[in-house]
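Encoded as structure tokens, the structure appears first; notes follow it.
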Amino acid sequence: MSEKLLTEIDSEGVATVTLNRPDVHNAFDDDLIRQLGETFDSLAQRPEIRALVLASNGKNFSAGADLNWMKRMAEYSEEDNRRDAAALAAMLHKLDTFPAPTIARVQGAAFGGAVGLVSCCDMAVAAERASFCLSEVKIGLLPATISPYVINAIGARHARRYFVTAERFSAQRAREIGLVSEICQEGELDLEVQKLVNTIVDNGPRAVAMAKQLAMSMSNRVINEELQGQTSALIAAVRVSPEGQEGLSAFLEKRAPSWMGSGEE
73 MSEKLLTEID
83 SEGVATVTLN
93 RPDVHNAFDD
103 DLIRQLGETF
113 DSLAQRPEIR
123 ALVLASNGKN
133 FSAGADLNWM
143 KRMAEYSEED
153 NRRDAAALAA
163 MLHKLDTFPA
173 PTIARVQGAA
183 FGGAVGLVSC
193 CDMAVAAERA
203 SFCLSEVKIG
213 LLPATISPYV
223 INAIGARHAR
233 RYFVTAERFS
243 AQRAREIGLV
253 SEICQEGELD
263 LEVQKLVNTI
273 VDNGPRAVAM
283 AKQLAMSMSN
293 RVINEELQGQ
303 TSALIAAVRV
313 SPEGQEGLSA
323 FLEKRAPSWM
333 GSGEE
């Protein structure tokens, strides 16, 4: 694996994928997009992965598209550009649908496509001095490929503002509109991310994966008899599953469930 991207997995099954191009503010190009997609694919096939942290080295999370990559794109035909954009779209989809919970660790600037990366994660922890910008229209482009994920994260109303103004906004504002979950001092980023990781790994592994899928699949659904039947069948199946039985038994017996190890609470 190229040094553009670093991947580590700890003893609890938490994978940290780190953008490692601090010299260009972690801007991404077609090669890094390919590597990210392959990494998400590989990690998604490993059932022991309990969570994924998306991080970056250096002062900034990511400046978005690499300038040299943009120069190449300017010379591409429309068909070439379509293939290029499709690769980015596929990578974003893999992150958005990753089976385990995902957390973005954001410091410094997150511009352009980087806002898409943050939006694809289930949670985001940002340093208090982090800043965000959907900057595409400044150079006559659109945040098209990232738009479904950004709109899911911040809503259509906020997207209609920031897509067209390309304003730079603060971490505080990002939290207000739903892009960021938590804000902390930059020196506490790892601690805040670890707090979220700890809450995840304390829960039932299969239940966590299913709960993430549940939240995604129930979005904007009409609540009718069919949906009520589906959700009732789902919880019934989970209650009688091995993990569900262990969790219920542990709760009733006032002990830690097996996925947390032995011992009294």
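Residue 73 is where the sequence shown starts when you use my numbering, and the numbers rise one by one after that. Don't be surprised by glycine CBs; every beta carbon is placed ideally from N, CA and C.
Inter-residue spacing [alpha-carbon to alpha-carbon] between P220 and V310: Rounded to the nearest angstrom, the two C-alpha atoms are 31 Å apart.
Candidates A99, L124, E264 and T79: closest to T90 by CA position: The candidate whose alpha carbon is nearest that of T90 is T79.
Uninterrupted alpha helix (DSSP H) stretches inside the segment 239-306 (no shorter than 4 residues): Fully enclosed alpha helix (DSSP H) runs of 4 or longer: 243-248, 261-273 and 277-289.
Extent of the continuous alpha helix (DSSP H) to which R233 belongs: Annotation for R233: the continuous alpha helix (DSSP H) segment containing it runs S219 to T237.
V190, enclosing alpha helix (DSSP H) - first and last residue: Here the alpha helix (DSSP H) through V190 covers G185 to C192.
Nearest-angstrom Cα separation, counted from S330 out to G319: Computed Cα separation, rounded: 8 Å.
Start and end residues, beta strand (DSSP E) containing M195: Its beta strand (DSSP E) spans residues M195 to A199.
Integer-rounded CB distance, given that L189 should sit under 8 Å from S134: That pair is a contact at about 7 Å.
Euclidean distance between Cα positions of S191 and G185: Rounded to the nearest angstrom, the two C-alpha atoms are 10 Å apart.
Supposed contact pair D194 and I211 - C-beta distance, whole angstroms, cut 8 Å: No, I211 and D194 are not in contact; Cβ-Cβ is about 30 Å, not under 8 Å.
Contact the segment 271-281 vs the segment 245-263: 3+ CB pairs below 8 Å: At 8 Å Cβ cutoff, the stretches do not touch.
Reference G259, options V96, D102 and R177, closest by Cα: With distances taken between CA atoms, G259 lies nearest to R177 out of V96, D102 and R177.
Assigned exposure category for A146 - 16 Cβ within 10 Å defines buried: Residue environment for A146: exposed (fewer than 16 other C-beta atoms within 10 angstroms of its C-beta).
Range covered by the beta strand (DSSP E) that runs through L167: Careful: L167 lies outside any beta strand (DSSP E), inside the alpha helix (DSSP H) at E150 to D168.
Three-state secondary structure (DSSP) of E325: Of the three classes helix, strand and coil, the one that applies to E325 here is coil, per DSSP.
Delimiting residues of the beta strand (DSSP E) encompassing A123: That run of the beta strand (DSSP E) goes A123 to S128.
DSSP-derived helix/strand/coil call for S134: Here S134 sits in strand by DSSP.
Closest Cα partner of N292 within the set A157, G227 and I121: Answer by Cα proximity: G227.
From V209, G85, V265 and N270, residue whose alpha carbon lies closest to that of A238: Among V209, G85, V265 and N270, the Cα nearest to that of A238 is on V209.
Own chain, CB closer than 8 Å to Q257, minus 5 neighbours either side, in chain order: If we look at Q257 and ignore the five residues flanking it on each side, its Cβ neighbours are A199 and E200.
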